[in-house]
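Its first residue numbered 895, the sequence shown is counted upward by one per residue in the working numbering.
Beta carbons: idealized from backbone N, C-alpha and C, even for Gly.
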Amino acid sequence: MDPLQASSAHQLKLTPHRAEIEVKINDLGKSMEDEMTKKTQSNQWRREPCSIFRVPTYLRWSSFRTYDPKKMRNGPYDPRFISIGPFHRENPQLQPMEEFKWHALRFFLSNNPKKTTLHECLVKMKELIPRARSCYSETFQISDEDFAKMMVLDGCIVLFILNERLEDIVLLPDQQQPAENNGAIAPAWPIFRSLVADLLLLENQIPFFILDELFKLLLLSTDDEKTLANNDDEEKETLANVALGTLIRAYPGKKYFFEYEPKDETKIHHLLHLFYLAIALPLVPDESTVPAPEGPMMKFKKMMSNLWQRGFLPSYLRSTNRASASDGPMMTKFKKMMGDLWRPLRPRPSASQSKGIPSVTELKKAGVKFKPKNNANSFLDVTFQKGVMEIPTLILYPYTQTTLRNIIAFEQCLGGDKRHTHISHYVIMMAFLIGDGTDISTLMDEEIVINWLGSQEEVLGVFKQLRSEVVDTSNDKFATLYNEVNSYRQLQLHKYREILCSDYFGNPWSIISVIAAIVLFVLTFLQTYYAVYTTYHPNS
895 MDPLQASSAH QLKLTPHRAE IEVKINDLGK SMEDEMTKKT QSNQWRREPC SIFRVPTYLR
955 WSSFRTYDPK KMRNGPYDPR FISIGPFHRE NPQLQPMEEF KWHALRFFLS NNPKKTTLHE
1015 CLVKMKELIP RARSCYSETF QISDEDFAKM MVLDGCIVLF ILNERLEDIV LLPDQQQPAE
1075 NNGAIAPAWP IFRSLVADLL LLENQIPFFI LDELFKLLLL STDDEKTLAN NDDEEKETLA
1135 NVALGTLIRA YPGKKYFFEY EPKDETKIHH LLHLFYLAIA LPLVPDESTV PAPEGPMMKF
1195 KKMMSNLWQR GFLPSYLRST NRASASDGPM MTKFKKMMGD LWRPLRPRPS ASQSKGIPSV
1255 TELKKAGVKF KPKNNANSFL DVTFQKGVME IPTLILYPYT QTTLRNIIAF EQCLGGDKRH
1315 THISHYVIMM AFLIGDGTDI STLMDEEIVI NWLGSQEEVL GVFKQLRSEV VDTSNDKFAT
1375 LYNEVNSYRQ LQLHKYREIL CSDYFGNPWS IISVIAAIVL FVLTFLQTYY AVYTTYHPNS
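The following block contains the structure:
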């Protein structure tokens, strides 16, 4: 057979097979396009970055020495009593509290001042579902109807807790006898702080605007809404104020933790974000707007220059023409002499000057003093001036670590934005200062740290654990503070002064001994002076 004819016959045999392949490829392409459209359409309504995240596995894993999925499900990022939002709604351990969500809904529907109905609440929630779904980092296979139901029930129990109305779950207004609770929530107050702690978990959030809408529908009267809408100057009862008032009771601390007055509640993402704003604002000033502090060498040169210009130095060091004194040979010699005098006291250069600070013990050896900052206006208001570091008092209660870890996770999940790394940087700074039990004792003695946890080892473990979870440490808000502290520490004069104070003025007997030695030295000097003087001036 002719080779050309053989080739044509072979192509005819393959044609049906190729056609079949083409059909399959076309079907596969159409299927992938449909799936791509379906997958991407679910995020088309996301107009802004999400703010409620599932905590990354590496953060959960850092809590344990070995990888254990069972333990990780009951860690500091998981609720212990109540599920809020979609992440933990199927957790069987949290189902007992689901009953009380219905009691909370019933209470609000029976007692709201505007007689709002359940239908009105559901209609409002249904309108907000696309916006609410966009707040979560994941998509959930929950119908819009179930999502609206979840928002109403979860929102009501959150408002119940924030209004400290847990006792009304036990005794409802239309009942003459206490409701049966099977011991699940009686008494109410002992678990109040635990419930509030659950409300401050990153995965246990619903959007703040959902809570705000339910707050307006179920708790505010028509007059209250008019007051809010008109921005009257009189004291307004907003959801943010109510929530912060409850957090003050659940997390006792200094007043400055909660001086935050939200000007625009629409910018609050959720309750954890509100708590974060309350302890982290006002923000640390931008370093670009803060003038760089003068170093000790620059201050010394400026002082000597002023003395030179004002004529306080010996005449043989000064030129007759002051305007050209800086160009004269005597001025050059004077600068060299001052430099030689300064050299033993100047700070030693350090390549890692702004990458951290030593521990409390090391800084005390360099003459640094520590004091609690009683007039602070922020959790982050740490300052260093004239050798004194002032730090706002930190109360370590049982839920401190859990709350701080969730805030750090929130900051890290936001991508390390400059506006959202303040607590992470604060934790790093405290981890630098606290190296061992001695450092903790010093901070406790100065009332900078108040320990309600137990042993000092627990406090040390808290900061080591928190430090290990910070990934993004860029744009450190305390970089300027680190530079100031390190410059002060490296100045040898401060070390000598601290040694003098600790070795010779550490107790009253040492002080008395030093004073006696000085008096004896003065008397000996005067005796010697008069003996020499009378030898050369016998007639005086």
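S1031 and F947 do touch by the CB rule: their CB atoms are close to 4 Å apart, below 8 Å. By the CB criterion at 8 Å, P973 and L988 fall inside the cutoff. Bridge pairing for N1345: L1290 [DSSP].
Contact annotation: V1353 and L1290 have beta-carbon atoms nearer than 8 Å. Taking a contact as a CB-CB distance under 8 Å, the pair K1018 and E1159 does not count as one, their CB atoms being some 17 Å apart. Between Y1427 and L1417, the alpha-carbon positions lie close to 15 Å from each other. About 5 Å separates the Cβ atoms of F1034 and P980, confirming a contact at the 8 Å cut-off. With 16 or more other Cβ atoms inside 10 Å of its own Cβ, I1051 counts as buried. According to DSSP, E1284 shares a beta bridge with K1265 and T1277.
Comparing C-alpha distances from I1344 to each of F1001, H1316 and I1285 shows the shortest one belongs to I1285. For A998, the enclosing alpha helix (DSSP H) stretches over residues E992 to N1005. For Y1030, the pairing in a beta bridge is given by DSSP as I946. In the same chain as L1347, and ignoring 5 residues on each side of it, the C-beta atoms closer than 8 Å to its own belong to L1290, Y1291, P1292, T1294, V1353 and V1356, in chain order.
Per DSSP, S1115 lies in no alpha helix (DSSP H) and is assigned neither H nor E. One Cα belongs to P1024, the other to P1252, and the distance between them is close to 50 Å. Spatial neighbours of A1144 in its own chain (CB-CB distance under 6 Å, excluding positions within 5 residues in sequence) are listed in chain order as R1087 and V1090. Under the three-state reduction of DSSP, L1308 is assigned to coil, being neither helix nor strand.
The beta carbon of L1093 lies closer than 6 Å to those of L1165 in the same chain, with the five residues before and after it left out.
Where T1374 is concerned, the enclosing alpha helix (DSSP H) starts and stops at A1373 to Q1384. With fewer than 16 other Cβ atoms inside 10 Å of its own Cβ, H1013 counts as exposed. Secondary structure of S1088 (DSSP, three-state): helix. The beta carbon of C1029 sits closer than 6 Å to the beta carbons of C944, S945, I946 and P1101 from its chain, once the five residues preceding and following it are set aside; these are given in chain order. For the pair I978 and D1048, the CB atoms are nearer than the 8 Å cut-off. Setting aside the 5 residues that flank it on each side, S1335 is surrounded in the same chain by Q1350, each with a C-beta closer than 8 Å to its C-beta; the list follows chain order. In this structure, N1057 keeps its C-beta atom at 8 Å or more from the C-beta atom of V949.
Counting only residues of its own chain and dropping the five nearest sequence neighbours on each side, N1006 has a CB closer than 8 Å to the CB of L1111, L1112 and L1113.
Here the C-alpha atom of S1381 lies approximately 25 Å from the C-alpha atom of N1268. Beta-carbon to beta-carbon, L1298 and L1360 are separated by about 6 Å, close enough to satisfy the 8 Å threshold. Setting aside the 5 residues that flank it on each side, F1372 is surrounded in the same chain by H1319 and M1323, each with a C-beta closer than 6 Å to its C-beta; the list follows chain order. Bounds of the alpha helix (DSSP H) holding G1139 are L1133 to A1144.
According to the DSSP assignment, Y1170 belongs to the alpha helix (DSSP H) that extends over L1165 to A1174. Collapsing the DSSP output to three states places D1370 in coil.
Here E916 carries a helix assignment [DSSP, helix/strand/coil]. Between A1026 and I1104, the CB-CB gap stays under 8 Å.
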